[in-house]
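In this note's numbering, the protein residues as written are 589 to 767. Where a beta carbon is used, it is the ideal one built from N, C-alpha and C, also for glycine. Owing to the predicted nature of the structure, the values given are computational and were not obtained by experimental measurement. Worksheet: the structure to be examined is printed underneath.
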Amino acid sequence: MKKDKHAEEKDKVEVTESETVVDPLAELQAKLVEKEVEAATNWDKFLRERADLENYRKRTQREKEELIRYGNESLLSEILPALDNMERALAHIESDSTDPVIVGIRMTLDLLVAAMKKFGVVPVDAEKGGAFDPALHQAMGQMVSDLPANSIADIFQKGYLLNERLLRPAMVMVSKGAE
589 MKKDKHAEEK
599 DKVEVTESET
609 VVDPLAELQA
619 KLVEKEVEAA
629 TNWDKFLRER
639 ADLENYRKRT
649 QREKEELIRY
659 GNESLLSEIL
669 PALDNMERAL
679 AHIESDSTDP
689 VIVGIRMTLD
699 LLVAAMKKFG
709 VVPVDAEKGG
719 AFDPALHQAM
729 GQMVSDLPAN
739 SIADIFQKGY
749 LLNERLLRPA
759 MVMVSKGAE
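And the structure:
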């Protein structure tokens with residue numbers, strides 16, 4: 589009977605030893621799965637951060653390009669009234685005048701127009717009889733005229749585009765048509 593007790597103890601020890609062998613293996617597998625999940629989560633975070641960084645770079649590049657392209661917008665807007673005044677002054681003078689002051693105003697106006705064009709400022713297309721475009725023209729009112737309805741009847745002030753972006757709308761009167 590002693591052998592039986594000893595055999596039972598030996599069996600218990602073997603069972604305990606095999607359980608301890610299985611437990612570390614199961615524990616390691618559980619840790620491995622946990623670390624794989626953690627690695628996948630970290631990889632996902634890395635990819636998202638990388639995408640965010642790339643989006644940030646693209647956005648800052650786009651903003652930089654816009655700043656270069658439209659950075660002078662406020663300065664150019666301030667120059668437009670001087671340009672308008674020179675054009676108005678020359679509109680009331682005979683075109684063949686040789687007065688040095690008038691010649692100087694024409695030359696100054698030409699230089700100013702060339703400089704504005706160099707920086708991407710061009711006049712908005714607004715002609716009497718042309719189609720009214722609310723994206724480019726500001727209607728100051730409507731008037732009866734022999735022109736078709738919704739066409740430009742008169743122009744009060746020229747409008748300008750800066751690199752295809754509206755800098756100032758053309759102020760126009762819109763035709764109601766003949767009544």
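Backbone secondary structure at residue i - three-state DSSP
i, result
"alanine 614", "helix"
"valine 609", "With a pLDDT of only 49 at valine 609, under the threshold of 50, the placement of this residue in the model should not be trusted; the figure read from the coordinates follows. The answer is helix: DSSP assigns valine 609 an H, G or I state."
"alanine 639", "helix"
"alanine 758", "strand"
"asparagine 630", "helix"
8 Å contact criterion, which residue i and residue j should meet: CB distance rounded
i, j, result
"leucine 697", "methionine 674", "4 Å"
"glycine 692", "proline 736", "Wrong, their Cβ atoms sit about 41 Å apart, outside the cutoff."
"leucine 724", "leucine 754", "7 Å"
"glycine 729", "methionine 761", "6 Å"
"serine 739", "phenylalanine 720", "6 Å"
Reference residue i; option with closest CA among the options
i, options, result
"leucine 750", "Val710, Ser662, Asp734 and Arg645", "Val710"
"lysine 746", "Met728, Asp713 and Leu613", "Asp713"
"serine 665", "Gly708, Ala723, Met731 and Val621", "Gly708"
"methionine 759", "Asp742, Gln649 and Glu752", "Asp742"
"asparagine 731", "Glu615, Lys646, Ser763 and Asn738", "With the sequence shown as reference, residue 731 is identified as methionine, and asparagine is not the correct amino acid for it. Residue Ser763 is the option with its Cα nearest to methionine 731."
"tyrosine 748", "His680, Ser662, Glu615 and Met695", "Ser662"
"lysine 716", "Phe744, Gly659 and Ile690", "Phe744"
"aspartate 672", "Val701, Leu635 and Pro612", "Val701"
"glutamine 563", "Lys705, Glu752 and Pro757", "An answer regarding residue 563 cannot be provided, because it is not within the stretch 589 to 767 covered by the chain."
Bridge partner(s) assigned by DSSP for residue i
i, result
"serine 665", "According to DSSP, which records beta bridges pairwise, serine 665 is partnered with nothing at all."
"glycine 765", "Val732"
Any C-beta of chain D under 7 Å from that of residue i
i, result
"leucine 750", "In the structure shown, chain D cannot be found, because there is only a single protein chain."
Exercise for the section: Please list the segments of the alpha helix (DSSP H) lying wholly inside the stretch 672 to 753, counting only runs of 4 or more residues, in order along the chain. Expected result: 688 to 706
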